[in-house]
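Count the sequence shown with the numbering used here and you get residues 1 to 193, in order.
Note that CB positions come from ideal geometry on N, CA and C, so glycine has one too.
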Amino acid sequence: MSNITPLNEDNNFTYKDGTLISNVLIDHEKVDQFNYTITAQLRDLPIVLAHIMIDVTDINDNAPSFSKPIYSSNAITTRTNSSTTILRVNVTDPDAGENAMVTLSLNDTTYFEIDPNGNVHISAAGISAGIYRLAVIATDNGTMNLSASSLIVLTVYQDPEDILQLFNSSYSFSIAENVVIGRSVGNVAVDIG
1 MSNITPLNED
11 NNFTYKDGTL
21 ISNVLIDHEK
31 VDQFNYTITA
41 QLRDLPIVLA
51 HIMIDVTDIN
61 DNAPSFSKPI
71 YSSNAITTRT
81 NSSTTILRVN
91 VTDPDAGENA
101 MVTLSLNDTT
111 YFEIDPNGNV
121 HISAAGISAG
131 IYRLAVIATD
141 NGTMNLSASS
151 LIVLTVYQDP
161 EDILQLFNSS
171 YSFSIAENVV
181 IGRSVGNVAV
191 DIG
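Quick look at the structure:
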């Protein structure tokens, strides 16, 4: 008579007639490997042990996930340098391997770009003041791609140096000594953009 029983029985699998059968829905994100020892004994013969390792293969069953539904920045002026990081988006994917690798993109790259690390930069000179709304899309590298999106709201302000501009960069005036207080010395023209 044989007696075959797994040690460390957790009810995830059943051993029946030489076959291991799953008893529960297996999720790679919860457990990526199971280890069992099966013992077998026939009457009074010595016990035989078999070690069984079951690797749980990940499938692309999770879409990427952003840490925020909306990202925003209002620390941008029309003269912000293109190498300056405006903001950073954070995205994760609980899958493993290629399924967890994420590519980021923006729906509009006229003035902004995003690097592989999620850093958003100005991509072109001459950006105008205003509010820019962009969709950032995260797509995983699984065989059947899954994706998610988030909103980026960027407020670009007119740089003060662009608002006040003198018509001339230098002026020269003269005034005679002992002139009455309050006498005009000259005119300096300023354009308020």
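Proximity winner among the options, relative to residue i (alpha-carbon distances)
| i | options | result |
| --- | --- | --- |
| Asn90 | Gly130, Ser150, Gln33 and Thr110 | Ser150 |
| Asp58 | Leu106, Lys68 and Ile26 | Ile26 |
| Pro64 | Val156, Ala138, Tyr171 and Ser72 | Ala138 |
| Ala40 | Leu104, Gln33, Val31 and His51 | His51 |
| Leu134 | Asn145, Ile152 and Ile122 | Ile152 |
| Pro116 | Thr109, Thr110 and Thr103 | Thr103 |
| Leu20 | Val48, Phe34, Asp95 and Lys30 | Phe34 |
| Gln158 | Tyr111, Gly130, Ala176 and Tyr171 | Gly130 |
| Thr85 | Asn107, Ile114 and Ala100 | Ile114 |
| Lys68 | Tyr132, Glu98, Met144 and Gly118 | Gly118 |
| Thr109 | Glu98, Tyr132, Ala100 and Gly97 | Tyr132 |
| Phe56 | Val180, Ile47, Gly97 and Leu42 | In the sequence as displayed, the identity of residue 56 is Val instead of Phe. Considering only alpha carbons, the answer is Gly97. |
| Met144 | Tyr15, Glu177 and Ala100 | Ala100 |
Whether residue i touches residue j by CB criterion (8 angstroms)
| i | j | result |
| --- | --- | --- |
| Asn12 | Ser22 | yes |
| Ile70 | Val156 | no |
| Phe173 | Gly182 | no |
| Arg79 | Glu161 | yes |
| Ser73 | Leu154 | yes |
| Asn62 | Asp93 | yes |
| Leu87 | Val120 | yes |
| Asn60 | Asp95 | yes |
| Ala189 | Phe66 | no |
Minimum Cβ-Cβ distance from residue i to chain B less than 8 angstroms
| i | result |
| --- | --- |
| Leu146 | Within the model displayed, chain B is absent; a lone protein chain is all it includes. |
Whole-number beta carbon distance between residue j and residue i, since they are thought to touch under 8 angstroms
| i | j | result |
| --- | --- | --- |
| Ile122 | Ser170 | Rounded, the Cβ-Cβ distance is 32 angstroms, inconsistent with contact. |
| Thr37 | Leu49 | 6 angstroms |
query: Is the number of C-beta pairs between the segment 122 to 130 and the segment 139 to 147 that are closer than 8 angstroms three or more?
result: no
field: Sequence ranges, beta strand (DSSP E) only - wholly within the segment 12 to 62, length at least 3
entry: 13 to 16, 19 to 22, 33 to 40 and 48 to 55
field: Length at least 3, wholly inside the segment 117 to 159: the beta strand (DSSP E) runs in chain order
entry: 119 to 122, 130 to 140 and 147 to 157
Minimum length 3: unbroken beta strand (DSSP E) runs contained in the segment 77 to 113: 85 to 88 and 102 to 106
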